[in-house]
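Q:
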RNA sequence: CGCGGGGUAGAGCAGUUGGUAGCUCGUCGGGCUCAUAACCCGGAGGUCGGGGGUUCAAGUCCCUCCCCCGCAA
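Numbering (the numbering used here), first residue to last: 274 to 581.
1. How far does the alpha helix (DSSP H) with residue 288 in it extend, from its first residue to its last?
2. Report the rounded CA-to-CA distance for residue 580 versus residue 431, giving the unit in angstroms.
3. Shortest alpha-carbon distance to residue 402 belongs to which of 327, 382, 413?
4. Got a sec, what are the start and stop residues for the beta strand (DSSP E) residue 404 sits in?
5. Indicate whether residue 368 and residue 353 have their beta-carbon atoms separated by less than 8 angstroms.
6. Let me make sure I understand the geometry here. Which of 444, 439, 492 has the alpha-carbon closest to that of residue 422?
7. Would you grab the beta carbon distance between residue 418 and residue 384 for me? Rounded to a whole angstrom, and I think it's under 8 angstroms.
8. When the Cα of residue 238 is compared with those of 487, 546, 520, which residue comes out closest?
9. Which residue comes first and which comes last in the beta strand (DSSP E) that contains residue 415?
10. Have a look at the DSSP bridge pairing and note the partners of residue 537.
11. The beta strand (DSSP E) spanning residue 517 covers which residue range?
12. In the DSSP assignment, find the beta strand (DSSP E) that holds residue 309 and state where it starts and stops.
13. Looking at the secondary structure, which residues open and close the alpha helix (DSSP H) in which residue 508 lies?
14. Quick check on residue 412: buried or exposed, where buried means 16 or more other Cβ atoms within 10 Å of its Cβ?
15. Measuring alpha carbon to alpha carbon, tell me which residue in 304, 298, 288, 277 is nearest residue 438.
16. Can you round the beta-carbon distance between residue 329 and residue 299 to whole angstroms, since I take them to be within the 8 angstroms contact cut?
17. Any chance you could list the beta strand (DSSP E) runs of at least 3 consecutive residues sitting entirely within the segment 308-377, in chain order?
18. So, residue 514 versus residue 557, is the Cβ gap smaller than 8 angstroms?
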């Protein structure tokens with residue numbers, strides 16, 4: 274089939290790769306290269322690199338809604354459009370181009386978690402189940418009729434990065450099933466239940482700020498949910514310390530909220546939260562690398578210090 | 001050349017105005033103990049990121065290159 278694939282980041286890779294393997298006639302529409310990293314080197318989106326590797330034509334637009342984007346899309350004349358974490362909102366004019374419409378792969382069980390960062394928010398909110406959904410794209414934000422869904426359990430210590438990888442692969446699998454059903458004419462789109470709908474906002478740097486007044490479980494969920502990006506952090510004596518990995522524990526000791534109640538290279542680092550202690554397993558001081566808390570304690574005495 | 005922090009023993013850090021390179025943990029050996037991740041004694045392990053320079057003498061000062069990281073984008 275002649276398919277226009279619209280996707281930008283890593284999440285889109287397995288789906289895109291699947292379409293390539295299936296031998297579809299593809300074109301990639303994605304964001305422009307962006308400055309990245311410390312030196313601001315212009316970096317192509319992951320999907321672009323994959324496209325080039327397989328000789329798939331690439332079109333990059335800041336806004337595909339604009340006339341140039343619409344024109345390029347029309348010129349390619351796709352039968353079907355597929356989006357996965359595209360990061361741009363499509364106009365009705367865009368959506369009207371392919372006769373078969375547009376299918377989106379979304380990393381949540383819609384209508385829950387419409388929007389930009391469903392994976393992170395599912396973990397931050399402490400959910401134990403999430404999944405992937407394929408849907409018909411409408412002009413609204415993730416509001417279109419649902420085609421297929423697949424659930425998955427969220428591990429108690431799973432990070433957003435880990436879940437991201439799993440859902441990206443499941444998304445590709447679900448997309449494949451969806452296309453098969455489309456070909457067989459067995460798709461049965463069903464409208465989303467607006468009463469159950471929820472929207473999530475984008476994750477900002479500040480989302481990663483740890484509030485130790487929350488219960489240990491909430492702190493743990495936040496740390497998992499923002500790992501590896503943007504990463505959780507807290508202030509320790511004026512420095513911003515990143516908190517990469519935590520573990521729930523049943524220690525009876527108590528101290529002031531945020532205080533390093535136990536800080537021993539052999540036992541580990543335990544901080545008082547609003548409810549129970551939490552063990553910080555991996556952290557990172559500014560200018561330094563990410564490391565085991567037990568290792569960090571060898572050169573950074575933390576007993577009695579307090580996170581804010 | 002956006003701002004800044006850093007590369008010292010296997011790991012995490014310290015190293016004062018240049019003057020024989022230290023600490024904690026680990027590791028190896030020995031001891032104590034019913035026993036131990038505890039305690040005591042002892043040992044091994046470092047061309048101080050690379051190159052150049054100043055100096056009687058450079059981890060420390062100057063120049064240069066490489067690599068890592070935080071912030072900002």
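All residues carry an ideal CB built from backbone N, CA and C; glycine is no exception.
Predicted, not measured: the structure shown is a model, and the values here were computed from it.
A: The answer reads as follows:
1. Taking the first residue of the first chain as position 1, residue 288 is located at position 15. Annotation for residue 288: the continuous alpha helix (DSSP H) segment containing it runs 286-294.
2. Taking the first residue of the first chain as 1, we reach residue 580 at position 307. Taking the first residue of the first chain as 1, we reach residue 431 at position 158. Approximately 24 angstroms, taken between the alpha carbons.
3. Numbered from its first residue, the first chain carries residue 402 at position 129. Ranking 327, 382, 413 by Cα distance to residue 402 puts 382 first.
4. Here residue 404 refers to the residue found at position 131 when the first chain is read from its first residue. Element bounds for residue 404: 402-409.
5. As a working mapping, residue 368 is identified with position 95 in the first chain. As a working mapping, residue 353 is identified with position 80 in the first chain. A distance of 8 angstroms or more separates the beta carbons of residue 368 and residue 353.
6. Residue mapping note: residue 422 aligns to position 149 of the first chain, counting from 1. Check the Cα spacing between residue 422 and each of 444, 439, 492: the tightest is with 444.
7. As a working mapping, residue 418 is identified with position 145 in the first chain. As a working mapping, residue 384 is identified with position 111 in the first chain. Between residue 384 and residue 418 the Cβ distance is about 11 angstroms, and since that is not below 8 angstroms, they are no contact.
8. Residue 238 is absent from the model: the chain starts at 274 and stops at 581.
9. Stepping through the first chain from its first residue, residue 415 is reached at position 142. Where residue 415 is concerned, there is no enclosing beta strand (DSSP E), given that its DSSP letter is neither H nor E.
10. What you label residue 537 is simply residue 264 of the first chain in a count that begins at 1. According to DSSP, residue 537 bridges with 541.
11. Here residue 517 refers to the residue found at position 244 of the first chain. Looking at the DSSP string, the run of the beta strand (DSSP E) that includes residue 517 is 512-521.
12. Here residue 309 refers to the residue found at position 36 when the first chain is read from its first residue. DSSP places residue 309 inside the beta strand (DSSP E), whose first and last residues are 307-309.
13. Reading the first chain from its first residue, position 235 is the one you call residue 508. Segment 505-509 is the beta strand (DSSP E) holding residue 508; no alpha helix (DSSP H) there.
14. Sequence index remark: in the first chain, residue 412 carries index 139 (1-based). By the neighbour-count rule (16 or more Cβ atoms within 10 Å), residue 412 is not buried but exposed.
15. Counting from 1 along the first chain, the entry for residue 438 is found at position 165. Among 304, 298, 288, 277, the Cα nearest to that of residue 438 is on 288.
16. Residue numbering aside, residue 329 sits at position 56 when the first chain is read from its first letter. Residue numbering aside, residue 299 sits at position 26 when the first chain is read from its first letter. Going by Cβ atoms, the distance from residue 329 to residue 299 rounds to 5 angstroms, so yes, they are a contact pair.
17. If we require 3 residues or more, the beta strand (DSSP E) runs fully inside the segment 308-377 come out as 314-316, 331-333, 353-357.
18. The residue given as residue 514 occupies position 241 in the first chain. The residue given as residue 557 occupies position 284 in the first chain. Result yes, Cβ atoms of residue 514 and residue 557 sit closer than 8 angstroms.
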